[in-house]
Every structure is written in structure tokens, then in C-alpha cells.
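> If you read the protein sequences in the order shown, they are chains P and H.
Residue 344 in our numbering is what sits at position 344 of the first sequence, and the numbering runs on without skipping anything.
Residue 481 in our numbering is what sits at position 481 of the second sequence, and the numbering runs on without skipping anything.
No residue lacks a Cβ here, since even glycine has one placed at the ideal position from N, Cα and C.
After the C-alpha cells below, expect a handful of questions from me.
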Amino acid sequence: MKTDGASRGEVGQTAAKFAARHIKPVAADVDHFEPRFPAEIFGLGAASGFDRFALPEECGGHGFGEEELCELIETLARTCAGHAMVFGVHAAVAKAVIEAGGDSARDIPALILDSGRPIGVSVPEPLGMDDFDIGVSAVTYGQHTYLLSGKAGLAVNATRGGLLVGFARNAGGDPLAFVTALDGDTCAGCAAEPALGLRAMPMASISFDLHEVEKKFVIAERAAAVAFYFAMLRNLCLVSTAAAVGTMAAACEKATAYAAERYQGGRMIIDHTHMQTIIGGMAAGVESSIGAMLRAASKCEDEAVVFSAKKIVTDCAAKVCSDAVQTLGGYGYMRDYGLEKYMRDAAVLSLFPITNERCGLLLAEIGKLKHSR
Amino acid sequence: MSDHLNVEISKRSLFEMAPRLKILSEHMPKYVSELEEWQLKAREYSDVFVRRKALEIDMKCSRDPRYFDWDLIKQSSRYGFLSMIVPKSIGGGGQLATGLAIVMEEMCAACSGIANVFGANGLGVSGMLLGMDFYFYDRALAELAEGDKKRKPIIFAAAITEPAAGSDVEDAVYLRKARLMTEAKPAPGGFILNGRKVFISNGSVAKYTNVIAPLDRRRPNETQSGFLVESGDTGFSIGRVEEKMGMKACPAAELVFEDCFIPRRNLIGRSGEGVKFTEYVLGASRGPVGAIATGVARGAFERAYDFAKNKKIGGRRLIDQQWVQFKLAEMARRIHLARQAYLDACMAFDFYSIPKILKTAPSKLLLDIVPAQVRMSPLFTSAMRSDNGFKTVAAIIDKELNSDDLRHIQQYASIAKITGSDMAVEIAYDALQIAGLEASLHRCELEKVYRDAKLTQIYEGTNQLNRHNLFNNYFPGENGYED
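This is the structure:
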């Protein structure tokens, strides 16, 4: 696994060039209210290796570690958090799927790497640290197939014809995780819906009606499915954290630049001490969030560290981006200046993969388990 | 979520929402019963017409920011919201800031974008109403009331903000150093207006706009004045209509003035009184903006409550979880306090600012006894609009209004605006946290509420400017400006 400061720097430079060349020209258009998944950008990213960035080299990946993954997503998010999260979700889910391993999942890595599309995922609500809420039931059909029925809930990165990682409960009530292609008449709701932010990352409410999944595409069952769920949740929290850092860093930078050149109340905005406290607070929020993100990346197996970072950093991003809009006043509220997009994107990051309130509940659960042992 | 929104919260009585009004009803029953009537009207309009179209209009405006739903505004005519603060003797509803604020809260719980059309209209009307220039009462304001009666509504706007001077134009201290670009130079028979105004709510749909501009940009405090500009006036055009994050149903437009001639009769009051009357107007309007924010917060609260009642996680309703109950309780507490803050501001304004003059014997005589035909006669008009006429009005204002009261009103207005708007953004964010990722979908309404909420921290003077204003009026002995 490649993890050092030098490789992070290289990743950052590559990502910055990619974002400037491919994402920046289209980011505002993709952010339009009608969702439009940027398939061509994902294709270009895949050509640059972003789709297998964090996967082990033995599986055909590039073997970068969590810190590099954070660098990639943070840097892309400075230009557009929605695009960054398309890659981030894909990387987080693919990594969890491949690390779940197991004989039954030997066909899955090739399926993911050859698909040419991002993986979609529907993340059930956690019910403590050993269970989660599942709306899909799986019934055995023949020797090699499950039939899925029910509501998978809101899925991100879900596109018609693309892959989805989801969860179901079998007849015995045990959870299982699967990957399936979103095609045919047996899965509905694949059309992306208009949303508050991260509009490059399509969101759709998926439901199944006797949808066939071959057992070889079951990622994990029973306790292994629970372990897979929490591994994936940690990865997703980490990339949300990274996207939030990039979003607030860009917002803070733009707002500070505006404050330094905009005259108001007899001086530049940045020369008003009240505004200095706001801008200083934004800068402190960005810097401390970078620290929290890097700690989470280095302790990515530790749920308490990762959930804490996600909760604090994405809340902080929402505040920083709101303050950035406030610094620009009326201009900040208008689409042309781009600040309002940061605010919308940051708010959605506070909700995905789980809300920050839910993170808090899980952290308390972790604390309770630790002290009751 | 929106298909089964439970608006039970919106059915609570005015007395439960504001116990002071129950107390006041024992002393001023007519005043309070009229407020109750306006609240019920606003609820009916919101439930029957606004809620069902809010998302559709928001989406249409996303595609085309110039879209404006005239049908919905026409439906409001039966209630008379556009002319609700026009005096009854002129044909309006006779309400003041408090009535407008109560209506705003109700409408904003449904859709603050639509409500803002009425709020921004109220701001435009306030400029004319509080300018105490009775010439406009019988003309533009009477036409507004007539429009409501005939169900052919007309809309007002107020144009204050400039491209290089937002908050600066709303504060006397900052105005001295403002980089203004709009100026109304005196010319034979009137004024020639040049410059641009930006982010003007209702700007692209208003028939009448109250434009604030100095006669001399180098001396804005001494020459700031108010002018009535009518759509279609030569030299007046609409520039860009902004793509806003929220409150999209109410267009924010750029107004362009290129050698726009304004006849002298369309000067509101006397030249050079713009700063004073801008303060009166903002003292009147920031309370209702607090109410707008309170309504936005209530909209988030109602939707979060509805979601919590209907959403089950792990077989348990969200509403049955303690953390959700406490979040909702906290929302209820903060909304209640913000409501009291805007009622403080609005009632103080209604009883102790310019409206107090409208209740004096000379005003009542003028508005209630003297027939409109007489008031509109050339002789009467020239007498009222003569220097002596304006001096008389100014003397009455000086005599009747207490400077401490006016200072307190400025405090309450900024407190209401800051309290409501900061709360609205936070409650909208908390509502998203209760409802989860699904809340970020447009059809679930909460994401719109979050987008809408942010504007309340920005317009009518940013919250930073309002803190500056609050300090100045709370500590008048201090130098409320950093050297």
C-alpha cells in the first residue's frame, strides 16, 4: 500500500489537473436542477485510474491507501463535490467489496472493474453497531439464485444499467449483501431525482420486484454481511469527510479572496474585525478538519475515529460554507458566484452515508460497548 | 413526504402562539380580532393555493428565473394581501407591521418564495406610506387597493441595494463612505436618474418601484431621496434576473436607469429625507423579515415533525425516539422566542413610530373625513406638497414621536431579524438531520426550505449590518464604528 507524503502530493497534483481540465468546465452545468450523471467524466477518470485507485494491486488496482484516497477526493471536491463523490463512493464501495473477499465473491471484482460505470449503493440506516434496517427480502429461487423484493431505499451513484450494492434479509432473517445490475423490469426507480446538492452524483429510490440475483454475486451473508456493512460505512464516511474538507476549503478561499477585494463600510470587508473573526473561524475550521480527516484516514478501521471525523467535519463544512455565502452577501446567494453550490453540497454531505445525528448515536453505542465490557 | 404533510401545527391559535395577544385582546379586542382574521386568511390562502404549487413554481423558476406565477398572485386578491397595509380609508386592509408579520409567518410556513412577493411588495408600499406624502396615498396606493378589489393585482418593489454598495446604502454611518453609482440629478421639471440597482425583489414584475438615490453621490447623506418609478418609464429597464439559491418564486432583478426622467411629482416627500425615511422603512420591515424567517423555520419544523411521525426505522417511528422528540421540542422553543422577538419589533413600530401619526386627529381628519376628490384637487395637492405642507408634517412627526422610542424600535427590529434568520438556517439544517438523506430530494420539500432560509440572513441588511445597527441603537453613547 502506497502511503507517504510524496505520493499524496503526486495524487493531489494529478487530481487538481484532472479537475481543472475535465470537471471545472462542466461542473456548473451538471449542477443544474435536472440531474445529469456525468458518465463521460467517470470514463475519463477511469482512464486515469480513479476507478481502481484504492483497490489492491493483486486485484488490478493501484494500491493507494486511505490518505491518498482522501487527497484525491478532497482535491476533486475543491472543484465539485458531486463529481468527487461519484469517484469517492465508487472507491469506498469497491474497496469494501473486494476486501470482503470470500469464495462466493470471486467473480465480483472483475464485474466491478470491467463495468466502466461507478458502483451505486443503497445504505440502510444502522440500528446500533450490530444491525441495520433492511427493506428488501431475499427468497431462494432454485439452487443458484435469490429473488429480491422490497424497497432498497435511496441509492447514490445508481444509474440504469449500472451496478448496485445493496442489502437484503433472507427467509431466516439473516442479512446478506449483494451486487446486481440495475436493469430489466424487476428493479424500479432508477431515474435520478432532483436534489439539494451533489447533483453530479445521481440519487434514486430503488425497489425490487422478484429481481434475480445469482448467488455468486452475494458479497457476504450473516455476520460477514454485518462486518461488510460497517466496513463500507467507514469507507463512505471517510470519503464524505474528504469531500467536505475540499468543499469548505474552496468556499473559504473564495470568500476570503472576495473579502480582500470588496469595499464595504469604508474599508475592505476583510479589514472589519467582525469579519476577521468569521473568516478566521472558517480558516480554523478548514485546518482542523484536515487534521481530523488525516487521523481518520490513518485509523480507518476504527469506527469511533471515522464516525467522529465525519460528524464534526461535515457539520463544520456546512457552517463554513454558510459563512462563506454570508461573506459575499447577496452575491453569495446567486448561482453565478458558485458559493451557494458549496453550501448545498456541504449540507448533503452531512446526510450521507448517514446523518451526523446518526453518527452521534453510533458513537455513544461504541462508548457503551467499550465501557460495559 | 409532501403528499401527506400534516399541517396541524399551522392550526394553532394566535393566542397559543403569542399569549401577549390574548392579554391585549382584553384591552383592544378589535385590534386583536383583526389580526386573527388576517392570520386565518393567510392560512387559507397558504393551504388552498400556495402549498400545492410551491414545488412546481420552484422548479419552473430553476429553469427560467423570469418565471412568475401571476395566477397565484391573482388568487390572493380575494384576501387583499397586497394592499393589506394600505389605510382603510384609501381602500386597503388598514394593517401595519404586526398584521403583515403574522401573515408572513403563515405564508412562509408554506412557501417563503411566494410569501416574499407580498413581503417585498410591503417594503415598496412602506416607502410611500411612511414617507407621509399623502399625494401617493390617493394615487399609487389607492391603485394598489383597487387592483386587489378588481382582482387585477399590481405589485410594488423597493430598490435600495447597488452593485458596489449593499449594506452601505442601508446605514447612515456607512452611507457616507459608500461607492454609489446611482444618482438622480435635478433637471427642469424633475430629475434624471442614472445607475443600477441589483437584487431587487419583485423588480421585474413591479408596476411601481420606490427607488432610493442621492441627488449628489458625493453627499449621499444630505441628498438621499425616494422616487417613484413606473414600469415602462423611458430610460428604465430590467437587466438580469438572478438565479437565486432559494425563494425563487419571488424574482430578484437588476434595474437599469439610463437618463430616466422622473417628474418632480414622483419625488416622495422632500429631497434629502431619504436617510431618515429609509430608517423608518427598515424599522418597519425588519420585524416582518424576522416573521418571514420564523415562518421558514416553522415550515421546516412542520415537515420534520410530519416525517418523524411517518418514518419508521427498525420498526420504530422516529417520533418515538427521544433524540427526535428533544430536537422537535428545541425547535418549538426557538420558534416561539423568535415570534416574540418579531412581535416586539412590529408592535413597537406600530404603536410608537410613523403609524402613531396616522392615528392622530389631523391624519384621521385628512384620511377619513376629507373626501378623496378634495385631497386630489390641484389646490389641495399643491398645499400639501408645498414646503410649508411638508414642514407641518415634519413638525407633527417631531412632536409625536419620541427619539428614544425610535431608537428602541431599531433595536427590536434588528433583534427580530437576526434572531429569526439565524434560527431559520439552523432549524432547517436540523430538520434535514432528522429526515436524513431523503430530505435532500426536491419532492420532500425540506431541501427547498434550507435553500430559502439562507436568504433571511442576507436581505434587509445582512445580519452583520443588523448587529452594527443594534449596537449603535443599544449603546448610543459609544462610537458605533471602528476607526
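(1) One question on the structure: do G436 of chain H and L127 of chain P come within less than 8 Å of each other, judged by their Cβ atoms?
(2) Going along chain P, which residues have a C-beta under 7 Å from D320 of chain H?
(3) Which term fits N402 of chain H, buried or exposed, when burial requires 16 or more other beta carbons within 10 angstroms of its beta carbon?
(4) Which residue from H:K22, H:S25, H:F68, H:I154 puts its Cα closest to that of M84 of chain H?
(5) Leaving out the 5 sequence neighbours to the left and right, which residues in its chain are closer than 7 Å to N473 of chain H when beta-carbon positions are compared?
(6) Between H:S126, H:D71, H:R139, which has its C-alpha nearest I114 of chain H's C-alpha?
(7) Work out the CA separation of A332 of chain H and V50 of chain H for me, nearest whole Å.
(8) Identify which residue in H:S33, H:K74, H:F118, H:D133 has its Cα closest to the Cα of L358 of chain H.
(9) Rounded to whole angstroms, what is the Cα-Cα separation between V156 of chain P and S122 of chain P?
(10) With 16 other CB atoms within 10 Å as the buried threshold, where does V103 of chain H fall?
(11) What residues from chain A crowd round S167 of chain H, counting only those whose CB sits closer than 8 Å?
(12) In whole angstroms, what is the alpha-carbon distance linking M1 of chain H and K311 of chain H?
(13) For F199 of chain H, which residues in chain P fall below 7 Å Cβ to Cβ?
(14) Can you confirm whether A159 of chain H, when its beta carbon is compared against all beta carbons of chain P, has any partner nearer than 8 Å?
(15) DSSP state of V241 of chain H, grouped into three classes?
(16) So, under 8 Å CB-CB, I73 of chain P and A243 of chain P are touching, yes? Tell me the CB distance rounded to an integer number of Å.
(17) Is the shortest distance between the beta-carbon of H4 of chain H and the beta-carbons of chain P less than 8 Å?
(18) Restricting to runs no shorter than 4 residues, where is the alpha helix (DSSP H) found entirely within the region 10-92 of chain H?
(19) Would you mind telling me which residues of chain H sit closer than 8 Å to Q326 of chain P, beta carbon to beta carbon, in chain order?
(20) Is the separation between the beta-carbon of S225 of chain H and that of E162 of chain H shorter than 8 Å?
(21) From K95 of chain P to C359 of chain P, what does the alpha carbon distance come to, in whole angstroms?
(22) Let me know if Q433 of chain H comes out buried or exposed under the rule of 16 or more other beta-carbons within 10 Å of its beta-carbon.
(23) N170 of chain P by DSSP, collapsed to three states: which one?
(24) Does the beta-carbon of R317 of chain H have 16 or more other beta-carbons within 10 angstroms, so that it is buried, or is it exposed?
(25) May I ask you to report which of helix, strand or coil DSSP gives L215 of chain H?
(26) Report yes if the CB atom of V165 of chain P is closer than 8 Å to the CB atom of V226 of chain P, and no otherwise.
(27) If we call anything under 8 Å between Cβ atoms a contact, is A181 of chain P one with A220 of chain P?
(28) Sorted by chain position, which residues of the same chain lie with C-beta nearer than 6 Å to M107 of chain H's C-beta, five sequence neighbours on each side aside?
(29) Would you kindly work out how many angstroms separate the C-alpha atoms of S77 of chain H and G147 of chain H, rounded to a whole number?
(30) So, is the C-beta of M343 of chain P closer than 8 Å to a C-beta in chain H?
(31) M85 of chain P and V239 of chain P look like a contact to me (Cβ under 8 Å); what is the Cβ gap, rounded to whole Å?
(32) Could you check if F326 of chain H is buried or exposed, using at least 16 other CB atoms within 10 Å of its CB as the buried criterion?
(33) Does the Cβ-Cβ distance between A284 of chain H and S126 of chain H come in under 8 Å?
(34) Any beta carbon from chain H within less than 8 Å of P194 of chain P's own beta carbon?
(35) Using only the alpha-carbon positions, how far apart do M376 of chain H and S62 of chain H sit?
(36) Please report the distance separating the alpha-carbon of H371 of chain P from that of A364 of chain P.
If we stick to the structure as given:
(1) Translated into the one-based positions of the second sequence, residue 436 of chain H becomes position 436. Translated into the one-based positions of the first sequence, residue 127 of chain P becomes position 127. The answer is no: Cβ separation not under 8 Å.
(2) Here residue 320 of chain H refers to the residue found at position 320 of the second sequence. None at all; the shortest Cβ gap to chain P is about 14 Å.
(3) Here residue 402 of chain H corresponds to residue number 402 of the second sequence, with the count starting at 1. A residue is called buried once 16 or more other Cβ atoms fall within 10 Å of its Cβ, and N402 of chain H, having fewer, is exposed.
(4) Reading the second sequence from its first residue, position 84 is the one you call residue 84 of chain H. Out of H:K22, H:S25, H:F68, H:I154, H:I154 has the C-alpha closest to the C-alpha of M84 of chain H.
(5) By one-based count along the second sequence, residue 473 of chain H stands at place 473. Within the same chain, and ignoring the five residues on either side of N473 of chain H in sequence, the residues whose Cβ sits closer than 7 Å to its Cβ are R407, Q410, Q411.
(6) Locating residue 114 of chain H in the second sequence gives position 114, counting from the first residue. It is H:D71 whose Cα lies nearest to the Cα of I114 of chain H.
(7) Working through the second sequence from its first residue, we reach residue 50 of chain H at position 50. Working through the second sequence from its first residue, we reach residue 332 of chain H at position 332. So the alpha carbons of these two residues sit roughly 23 Å apart.
(8) Start at 1 with the first residue of the second sequence, and residue 358 of chain H comes out as number 358. Of H:S33, H:K74, H:F118, H:D133, the residue nearest in Cα terms is H:D133.
(9) In the first sequence, residue 156 of chain P corresponds to position 156, counting from 1. In the first sequence, residue 122 of chain P corresponds to position 122, counting from 1. Each residue's alpha carbon lies about 7 Å from the other.
(10) Position 103 of the second sequence holds residue 103 of chain H. Buried, since its Cβ has 16 or more Cβ neighbours within 10 Å.
(11) Of the protein chains in the structure, P and H, none is chain A.
(12) Taking the second sequence and counting its residues from 1, the one referred to as residue 1 of chain H is at position 1. Taking the second sequence and counting its residues from 1, the one referred to as residue 311 of chain H is at position 311. Annotation note: pLDDT 46 at M1 of chain H (below 50); position unreliable, coordinate value reported separately. Computed Cα separation, rounded: 9 Å.
(13) Looking up residue 199 of chain H in the second sequence gives position 199. Per Cβ cutoff of 7 Å: G330.
(14) Taking the second sequence and counting its residues from 1, one reaches residue 159 of chain H at position 159. By this cut-off, A159 of chain H is not an interface position.
(15) Start at 1 with the first residue of the second sequence, and residue 241 of chain H comes out as number 241. V241 of chain H falls in the strand class under three-state DSSP.
(16) Residue 73 of chain P sits at position 73 when you count from the first residue of the first sequence. Residue 243 of chain P sits at position 243 when you count from the first residue of the first sequence. I73 of chain P to A243 of chain P, Cβ: 5 Å. Contact.
(17) In the second sequence, residue 4 of chain H corresponds to position 4, counting from 1. Summary for H4 of chain H: the model assigns pLDDT 47, below 50, so the residue's position carries little reliability; its value from the coordinates is reported in the next sentence. The beta-carbon of H4 of chain H is placed no less than 8 Å from the nearest beta-carbon of chain P.
(18) Within the region 10-92 of chain H, the complete alpha helix (DSSP H) runs of at least 4 residues are 14-17, 19-25, 29-45, 51-63, 70-76.
(19) In the first sequence, residue 326 of chain P corresponds to position 326, counting from 1. Going along chain H in sequence order, the residues near Q326 of chain P (Cβ under 8 Å) are Q457, I458, T462, N463, Q464.
(20) As a position in the second sequence, residue 225 of chain H is number 225, starting the count at 1. As a position in the second sequence, residue 162 of chain H is number 162, starting the count at 1. Against a cut-off of 8 Å, the Cβ pair of E162 of chain H and S225 of chain H comes out as no contact.
(21) Numbered from 1 along the first sequence, position 95 holds the residue referred to as residue 95 of chain P. Numbered from 1 along the first sequence, position 359 holds the residue referred to as residue 359 of chain P. Distance between the alpha carbons of K95 of chain P and C359 of chain P: 21 Å.
(22) By 1-based counting over the second sequence, the position of residue 433 of chain H is 433. Q433 of chain H is buried by the Cβ-count criterion.
(23) Against the first sequence, residue 170 of chain P aligns to sequence position 170. Note: N170 of chain P maps to strand in three-state DSSP.
(24) Taking the second sequence and counting its residues from 1, the one referred to as residue 317 of chain H is at position 317. Exposed.
(25) The count along the second sequence starts at 1 and reaches residue 215 of chain H at position 215. Note: L215 of chain H maps to coil in three-state DSSP.
(26) Against the first sequence, residue 165 of chain P aligns to sequence position 165. Against the first sequence, residue 226 of chain P aligns to sequence position 226. For V165 of chain P and V226 of chain P, no; Cβs fall outside 8 Å.
(27) The count along the first sequence starts at 1 and reaches residue 181 of chain P at position 181. The count along the first sequence starts at 1 and reaches residue 220 of chain P at position 220. The answer is no: Cβ separation not under 8 Å.
(28) Locating residue 107 of chain H in the second sequence gives position 107, where the first residue counts as 1. Contacts found: A42, S46, A115.
(29) To locate residue 77 of chain H, count along the second sequence from 1; it is residue 77. To locate residue 147 of chain H, count along the second sequence from 1; it is residue 147. Those two C-alpha atoms are separated by around 8 Å.
(30) Reading the first sequence from its first residue, position 343 is the one you call residue 343 of chain P. Judged by the 8 Å Cβ criterion, M343 of chain P is in contact with chain H.
(31) Position 85 of the first sequence holds residue 85 of chain P. Position 239 of the first sequence holds residue 239 of chain P. Right, their Cβ atoms sit about 7 Å apart.
(32) Against the second sequence, residue 326 of chain H aligns to sequence position 326. Label assigned to F326 of chain H: exposed.
(33) Locating residue 284 of chain H in the second sequence gives position 284, where the first residue counts as 1. Locating residue 126 of chain H in the second sequence gives position 126, where the first residue counts as 1. A contact, by the Cβ cut-off of 8 Å.
(34) In the first sequence, counting from the first residue as 1, residue 194 of chain P sits at position 194. Yes, contact with chain H.
(35) As a first step, residue 376 of chain H is located in the second sequence; it is residue number 376 there, counting from the start. As a first step, residue 62 of chain H is located in the second sequence; it is residue number 62 there, counting from the start. Cα to Cα, M376 of chain H sits roughly 44 Å from S62 of chain H.
(36) Your numbering for residue 371 of chain P matches position 371 in the first sequence. Your numbering for residue 364 of chain P matches position 364 in the first sequence. Going from the Cα of H371 of chain P to the Cα of A364 of chain P covers about 11 Å.
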